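K.L.:
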Amino acid sequence: MQIIKKIIMISTLIAAKNVYAIDASKRPVAHPASTTSEATCPASDFKAFIQEFSDDQNIQQKSTKYPLEKLKLDIKTKEEPKIVMLKLNRNQIHFPIIPSNQERAKQRLEIRFDNTSTSIASVTLTKPDTDYQVSYQSRKNNCWMLERIEDRSL
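Final position of the sequence shown in this note's numbering is 188; the numbers increase by one with none missing.
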């Protein structure tokens with residue numbers, strides 16, 4: 035039995051002397067073809083993007099940069115409110131991030147477009163006669179991505 039194992043081992047080593055590893059970095063990686071850029075980017079215009087983003091939780095999940103920066107005020111301090119910066123992973127975020135148009139109307143939230151350029155833009159949600167003020171900042175590379183939330187509500 036030992037002789038058979040030795041013969042198999044020697045045969046395997048002889049057969050393996052001409053086997054080479056392939057350098058994976060030089061092989062092309064296949065990516066699924068996208069039929070249109072609209073399949074991945076809801077809209078190139080920021081105002082249209084926010085409308086799509088706020089009305090569809092799937093778009094919110096796909097168009098949010100992780101970890102998402104969230105700035106909020108800690109009002110539990112004895113003195114002035116303290117600014118706290120959180121970095122949230124996807125599983126730490128409650129969707130929807132931005133309420134839908136219908137939900138904003140129901141809650142009397144007003145939307146204001148701030149600092150809109152071709153690559154950086156933000157919107158702020160406010161509620162009249164309250165201290166509610168939440169800003170959503172996005173950046174566009176190929177598509178718009180939500181990068182930061184600033185909740186300055188007291």
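A virtual CB, placed ideally from N, CA and C, is assigned to each residue, including glycine. Values in this document were obtained by computation on a predicted structure and should not be read as measured data.
Who pairs with D185 in a beta bridge, going by DSSP?
P.N.:
K106, V168
K.L.:
Return the residue from the list K112, E86, S153, E144 that minimises the CA-CA distance to D163.
P.N.:
E144
K.L.:
Less than 7 Å between C-beta atoms, sequence neighbours within five positions excluded: which residues of the same chain meet that for I84?
P.N.:
So the list reads V157, once near-sequence residues are dropped.
K.L.:
Under a Cβ-count criterion, where at least 16 other Cβ atoms within 10 Å of its own Cβ denotes burial, should V168 be classed as buried or exposed?
P.N.:
buried
K.L.:
Could you say which of L122, Y100, E137 lies nearest to K106 if we only look at CA atoms?
P.N.:
L122
K.L.:
Between which two residues does the alpha helix (DSSP H) carrying S88 extend?
P.N.:
Run containing S88: 80-89, per the alpha helix (DSSP H) assignment.
K.L.:
If you compare alpha carbons, which of Q94, K140, S172, S134 is closest to R124?
P.N.:
The residue with the shortest Cα to Cα distance from R124 is Q94.
K.L.:
Under 8 Å, do P130 and Q141 count as touching if we go by C-beta distance?
P.N.:
no
K.L.:
Here's the rule: buried if 16 or more other CB atoms are within 10 angstroms of the residue's CB, otherwise exposed. What is P76?
P.N.:
buried
K.L.:
Could you tell me whether any Cβ in chain D is nearer than 8 Å to the Cβ of N92?
P.N.:
The structure shown contains no chain D, having only a single protein chain.
K.L.:
What residue range does the alpha helix (DSSP H) around R138 cover?
P.N.:
135-141
K.L.:
Between the C-alpha atoms of R182 and E114, what's the straight-line distance to the nearest angstrom?
P.N.:
23 Å
K.L.:
Using the DSSP secondary-structure output, state which residues sit across from E144 in a beta bridge.
P.N.:
T160
K.L.:
Which residue comes first and which comes last in the beta strand (DSSP E) that contains K116?
P.N.:
Boundaries of the beta strand (DSSP E) harbouring K116: 116-122, taken from the DSSP string.
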